[in-house]
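Numbering (UniProt numbering), first residue to last: 1 to 344. Where a beta carbon is used, it is the ideal one built from N, C-alpha and C, also for glycine. Treat the numbers as computed from the prediction; the structure is a model and nothing was measured. For reference, the structure is listed below as structure tokens.
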């Protein structure tokens, strides 16, 4: 009973926030809009986005700015939950913040190549600056990857990226993949030290499944679309296994063809992915499986942070959908086509 009571407050808060997510009816209304200014005006009147869009003029806000507002809306929701949480609950939330920090690093790195040197965390900036050692403004102003890495000198990310830059002619994809792998390795290492009880069980199940699925997905892409040699594929594998054994992960990495890759999958816990691998819908299937795990954990572990994780996962999916909707409206797609892409 005590554990239930300790989580009742934050679960109640999450339910209230979840009521402000974009509904199916909202997506239908969005699909009927004819311009990006109408889209922003719609969100300015939506309870989930009114606060972050109210000071923007929908007639002058361009696509890139709108996308950042969507993402900052997710970060703002996280900061509200964090400020409400108790110290034990914050141990769990710190892992989510770590994920967001890596995402910010990747976004700032991308600006080196797009030549857009302005990353604005907006209302999330004060919270981010209190909890992170990275200088977002300096990173976003970097003109070269060497300058970017130098701005990380006082952070845990410096040695990782510095060593990569000296070891090979690394591409932006290489840097971003290594940041992701660093995140998964670090969190997997720390979770048993920082989390207890149902929080640890739920987190392990969720993260372990995500790692397995990402390894399958990344290896599948590397073999089907990029013809990456087996020896080189190891650089893009998260060296952690959950229900996919180490032996099977090695076999997948060493497979010489898609047919051989699928044959190995048939001998694993994930044999149910075969049809998705064969028809090319594997990315969508993996996303649905991950969402199902988040949702199921809210029932399996109600007196835990699982409802919080599920809400933030739904919010992140919503951000992606809104960005897709913005692009579709910008290119004048019809309502049915917009819904097809947004709700895929």
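beta-carbon residue i near the ligand PLP non-hydrogen atom, thresh 7 Å
i: residue 200; result: The ligand PLP is absent from the structure shown, which contains no ligand whatsoever.
Range covered by the alpha helix (DSSP H) that runs through residue i
i: residue 253; result: 246 to 254
i: residue 325; result: 306 to 330
i: residue 78; result: 63 to 84
i: residue 18; result: 2 to 18
i: residue 243; result: Note, residue 243: premise wrong, no alpha helix (DSSP H); not H, not E.
i: residue 339; result: 335 to 342
i: residue 27; result: 24 to 31
i: residue 44; result: 36 to 44
i: residue 106; result: 87 to 114
i: residue 52; result: 50 to 53
i: residue 121; result: Here residue 121 belongs to no alpha helix (DSSP H), and DSSP marks it neither H nor E.
i: residue 232; result: 230 to 233
i: residue 140; result: 136 to 140
i: residue 303; result: No alpha helix (DSSP H) contains residue 303, which DSSP labels as neither H nor E.
i: residue 131; result: 125 to 131
Sequence-distant residues of the same chain with beta carbon closer than 7 Å to residue i, five excluded per side
i: residue 162; result: 149
i: residue 344; result: 284
i: residue 1; result: Note that residue 1 scores a pLDDT of 43, beneath 50, so its modelled location is shaky; the value from the coordinates is reported in the next line. Same-chain partners within the cutoff: there are none.
i: residue 91; result: 194 and 195
i: residue 119; result: 107, 108, 111, 136 and 140
i: residue 85; result: 10 and 93
i: residue 7; result: 303 and 304
i: residue 268; result: 244 and 248
i: residue 211; result: 184, 238, 240 and 242
i: residue 311; result: 14, 17 and 18
i: residue 282; result: 217, 220, 273 and 276
i: residue 160; result: 178 and 182
i: residue 264; result: 248, 251, 252 and 255
i: residue 294; result: 206, 309, 310 and 313
Beta-carbon contacts of residue i that lie in its chain and below 8 Å, excluding the five residues immediately before and after
i: residue 64; result: 116
i: residue 130; result: none
i: residue 154; result: 133
i: residue 316; result: 74
i: residue 262; result: 274, 277 and 278
i: residue 67; result: 323 and 326
i: residue 223; result: 233, 255, 257, 258 and 261
i: residue 270; result: 212, 213, 216, 243 and 244
i: residue 354; result: Past the edges of the chain, shown from 1 to 344, lies residue 354, and the structure says nothing about it.
i: residue 168; result: 174
Cut-off 6 Å between Cβ atoms - residues of its own chain near residue i, not counting five sequence neighbours on either side
i: residue 31; result: 335, 338 and 339
i: residue 199; result: 92, 304 and 305
i: residue 47; result: 20
i: residue 208; result: 242
i: residue 26; result: none
i: residue 322; result: 70
i: residue 40; result: 58 and 61
i: residue 341; result: 324 and 328
i: residue 365; result: Nothing can be reported for residue 365, as the shown portion of the chain is limited to 1 through 344.
i: residue 202; result: 297, 301, 304 and 306
i: residue 122; result: 72
i: residue 152; result: 158
(Q) Could you tell me which whole alpha helix (DSSP H) segments of length 4 or greater appear in the region 262 to 290? (A) 274 to 279
Q.
Any contact between the region 232 to 244 and the region 209 to 216? By contact I mean 3 or more CB pairs, one from each, below 8 Å.
A. yes
Q: Would you mind listing the beta strand (DSSP E) stretches within the region 149 to 228 that are 3+ residues and don't spill past its ends, in chain order?
A: none
Q) Looking at C-beta atoms only, is the number of pairs between the region 140 to 154 and the region 74 to 86 that lie closer than 8 Å three or more? A) no
Q. For the 8 Å Cβ check, are there 3 or more pairs between the region 320 to 335 and the region 34 to 43?
A. yes
Q: Indicate whether the contact test is met: 3 or more Cβ pairs, each with one atom in the region 97 to 112 and one in the region 170 to 187, closer than 8 Å.
A: yes
Q: Would you check if there are 3 or more beta carbon pairs closer than 8 Å linking the region 48 to 55 to the region 288 to 305?
A: no
Q.
Check whether the region 247 to 263 and the region 223 to 239 are in contact - that is, three or more C-beta pairs closer than 8 Å.
A. yes
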